[in-house]
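Have a look at the structure below before the remarks.
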Amino acid sequence: MNAAGERPLSIDLNCDCGEGFGAYAMGDDAAMLDIVTSASVACGFHAGDPDIMAATFRAAKAKGVAIGAHPGYPDISGFGRRPQSFGLDQIERLIAYQLGAAQGVASYAGHNLSYVKIHGALSNLAMTDRDVARAIVRAIKSVDPRLSFLAVAGTQLEAAGLAEGLAVAREIYADRAYTDAGLLAPRSSPGAVLHDAEEIAERVLSMVLEGAIIAQSGKRIAVGIDSICVHGDHRDAVATAKTVRRRLEASGFVLAPFAAT
Numbered sequence: 440m441n442a443a444g445e446r447p448l449s450i451d452l453n454c455d456c457g458e459g460f461g462a463y464a465m466g467d468d469a470a471m472l473d474i475v476t477s478a479s480v481a482c483g484f485h486a487g488d489p490d491i492m493a494a495t496f497r498a499a500k501a502k503g504v505a506i507g508a509h510p511g512y513p514d515i516s517g518f519g520r521r522p523q524s525f526g527l528d529q530i531e532r533l534i535a536y537q538l539g540a541a542q543g544v545a546s547y548a549g550h551n552l553s554y555v556k557i558h559g560a561l562s563n564l565a566m567t568d569r570d571v572a573r574a575i576v577r578a579i580k581s582v583d584p585r586l587s588f589l590a591v592a593g594t595q596l597e598a599a600g601l602a603e604g605l606a607v608a609r610e611i612y613a614d615r616a617y618t619d620a621g622l623l624a625p626r627s628s629p630g631a632v633l634h635d636a637e638e639i640a641e642r643v644l645s646m647v648l649e650g651a652i653i654a655q656s657g658k659r660i661a662v663g664i665d666s667i668c669v670h671g672d673h674r675d676a677v678a679t680a681k682t683v684r685r686r687l688e689a690s691g692f693v694l695a696p697f698a699a700t
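If you read the sequence shown in the numbering used here, its first letter stands for residue 440, the second for the next number, and so on.
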């Protein structure tokens, strides 16, 4: 994994997958799994169910894509993006429960769970709340300390994972704007979600080459970067992922999972 400011020989491209529910689909997982190198799969709380999880794990295995658990708040109707009130012990159990489900279904589907990435509002909270971040990490260590932790670069999530000795990969978001504090701009704010694939790819390449998050203001915040996330749940996801991958490869980067498949 690269230190801040260093150019990596390889980099991971990840997306969130398996985020449908029952008969309802969310995103084009089949197309995204042809592009990305890691897939973070919903564990049934904010989205997903056993059938979708198993199908997604099998498809990822067939395409050589690493898989991770993507746990979040129990909030199907709000897609896990609404703040919730849970104590630290409850958060630990919510994470442990979802990791158990993901590991079980991954094993059933013939693939190996490699990592954990937190979803939505819970991730947003843990980026700045040290105690919540530590609760999440404690849950991961309790279930399986061999799992890598895909943490938002430069946040309390990264710090907690490193402090507890997990293998931490740092991610940036291709399709989200950043504040000057190095945090994701709220989705409700103008320009928070980016859509122009070429502009996104240019910005991603600049961030990776500079080893820094580029805020909406143009400010640079130095971070380590091991993985780039393209959200899979919006209409531009496939075009964005293709363009980001093509631009990185054209610039000499090798796209590869940060964790073993």
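Don't be surprised by glycine CBs; every beta carbon is placed ideally from N, CA and C.
Under a three-way DSSP split, which group does Tyr536 fall into? As a position in the sequence shown, residue 536 is number 97, starting the count at 1. Of the three classes helix, strand and coil, the one that applies to Tyr536 here is helix, per DSSP.
Extract the residue ranges of the beta strand (DSSP E) inside the stretch 454 to 527, only unbroken runs of 3 or more that lie entirely within it. Fully enclosed beta strand (DSSP E) runs of 3 or longer: 477 to 481 and 505 to 509.
Give me whichever residues DSSP pairs with Ser449 in a beta bridge. As a position in the sequence shown, residue 449 is number 10, starting the count at 1. Answer is Val693.
Top-ranked residue by Cα proximity to Ala547, from Lys500, Ile579 and Val504: For the purposes of this step, residue 547 is taken as residue 108 along the sequence shown, with counting starting at 1. Note on identity: in this sequence residue 547 is Tyr, with Ala being the wrong assignment. Nearest to Tyr547 by alpha-carbon distance, out of Lys500, Ile579 and Val504, is Lys500.
DSSP state of Glu638, grouped into three classes? As a working mapping, residue 638 is identified with position 199 in the sequence shown. Judged by DSSP in its simplified three-state form, Glu638 adopts helix.
Look up Ser628 in the DSSP assignment and say whether it is helix, strand or coil. Here residue 628 refers to the residue found at position 189 of the sequence shown. In the structure shown, Ser628 sits in coil (DSSP, three-state: anything other than H, G, I, E or B).
Taking C-alpha atoms, which residue in Ile664, Val669, Ala535 and Arg569 lies nearest to Leu448? The residue labelled residue 448 in the question sits at position 9 within the sequence shown. Minimum Cα distance to Leu448 is reached at Ile664.
To the nearest whole angstrom, what separates the beta carbons of Ala498 and Asp468, a pair I think is in contact under 8 Å? Residue numbering aside, residue 498 sits at position 59 when the sequence shown is read from its first letter. Residue numbering aside, residue 468 sits at position 29 when the sequence shown is read from its first letter. Their Cβ separation, rounded to whole angstroms, is 7 Å, which keeps Ala498 and Asp468 in contact under 8 Å.
Per-residue burial, Asp570 [other beta carbons within 10 Å of its own, 16 or more giving buried]: The residue labelled residue 570 in the question sits at position 131 within the sequence shown. It counts as exposed.
Would you check if the distance between the CB atom of Ala574 and the CB atom of Glu531 is smaller than 9 Å? Residue mapping note: residue 574 aligns to position 135 of the sequence shown, counting from 1. Residue mapping note: residue 531 aligns to position 92 of the sequence shown, counting from 1. Taking C-beta atoms as the reference points, Ala574 and Glu531 count as a pair closer than 9 Å.
Could you pull out every residue in the same chain whose Cβ sits closer than 6 Å to the Cβ of Ile534, ignoring the five residues on either side in sequence? By one-based count along the sequence shown, residue 534 stands at place 95. Beyond the five residues adjoining it in sequence on each side, Ile534 comes within less than 6 Å, by CB distance, of Pro510, Ile575 and Ala578 in the same chain, given in chain order.
Contact between the stretch 453 to 473 and the stretch 676 to 691 (3+ Cβ pairs under 8 Å): At 8 Å Cβ cutoff, the stretches touch.
Whether Asp455 touches Ala493 by CB criterion (9 Å): Here residue 455 is taken as the residue at index 16 of the sequence shown, counted from 1. Here residue 493 is taken as the residue at index 54 of the sequence shown, counted from 1. Not closer than 9 Å, so no.
Are the beta-carbon atoms of Leu605 and Leu586 separated by less than 9 Å? Counted from its first residue, the sequence shown places residue 605 at position 166. Counted from its first residue, the sequence shown places residue 586 at position 147. Cβ distance < 9 Å, so Leu605 and Leu586 count as in contact.
Can you list the alpha helix (DSSP H) stretches of 4 or more residues lying completely in the stretch 537 to 607, in chain order? 559 to 567, 569 to 582 and 595 to 602, all fully within the stretch 537 to 607.
Residue span of the beta strand (DSSP E) that contains Ala661, given as start and end: For this step, residue 661 is matched to residue 222 along the sequence shown. Note, Ala661: beta strand (DSSP E), Arg659 to Ala661.
With a 10 Å radius around its C-beta and 16 neighbouring C-beta atoms as the bar for buried, classify Glu688 as buried or exposed. Counting from one through the sequence shown, the residue named residue 688 turns up at place 249. Under this definition Glu688 is an exposed residue.
Starting from Ile652, trace the beta strand (DSSP E) in both directions and tell me its first and last residue. Along the sequence shown, one-based indexing puts residue 652 at 213. Annotation for Ile652: the continuous beta strand (DSSP E) segment containing it runs Ala651 to Ile653.
How far does the beta strand (DSSP E) with Ser666 in it reach, from first residue to last? Sequence index remark: in the sequence shown, residue 666 carries index 227 (1-based). Following the DSSP letters along the chain, one finds Ser666 inside the beta strand (DSSP E) bounded by residues Ser666 to Cys668.
Assuming Pro522 contacts Ala560 under a Cβ cut-off of 8 Å, what Cβ separation, rounded to an integer in Å, is found between them? To locate residue 522, count along the sequence shown from 1; it is residue 83. To locate residue 560, count along the sequence shown from 1; it is residue 121. Yes, Pro522 and Ala560 are in contact; Cβ-Cβ is about 5 Å, under 8 Å.
So, Lys580 versus Glu597, is the Cβ gap smaller than 9 Å? Taking the sequence shown and counting its residues from 1, one reaches residue 580 at position 141. Taking the sequence shown and counting its residues from 1, one reaches residue 597 at position 158. The Cβ-Cβ distance between Lys580 and Glu597 does not fall below 9 Å.
Would you grab the beta carbon distance between Val669 and Ala613 for me? Rounded to a whole angstrom, and I think it's under 8 Å. Locating residue 669 in the sequence shown gives position 230, counting from the first residue. Locating residue 613 in the sequence shown gives position 174, counting from the first residue. Confirmed, about 5 Å.
Please state the DSSP three-state secondary structure of Arg674. On the sequence shown, residue 674 is found 235 positions in, with the first residue counted as 1. Judged by DSSP in its simplified three-state form, Arg674 adopts coil rather than helix or strand.
For Gly593, I'd like the list of residues in its chain whose CB is within less than 7 Å of its CB, leaving aside the five on either flank, ordered along the chain. Your numbering for residue 593 matches position 154 in the sequence shown. For Gly593, where only same-chain residues beyond five positions count, the Cβ hits under 7 Å are Gly621, Ile652, Ile660 and Val662.
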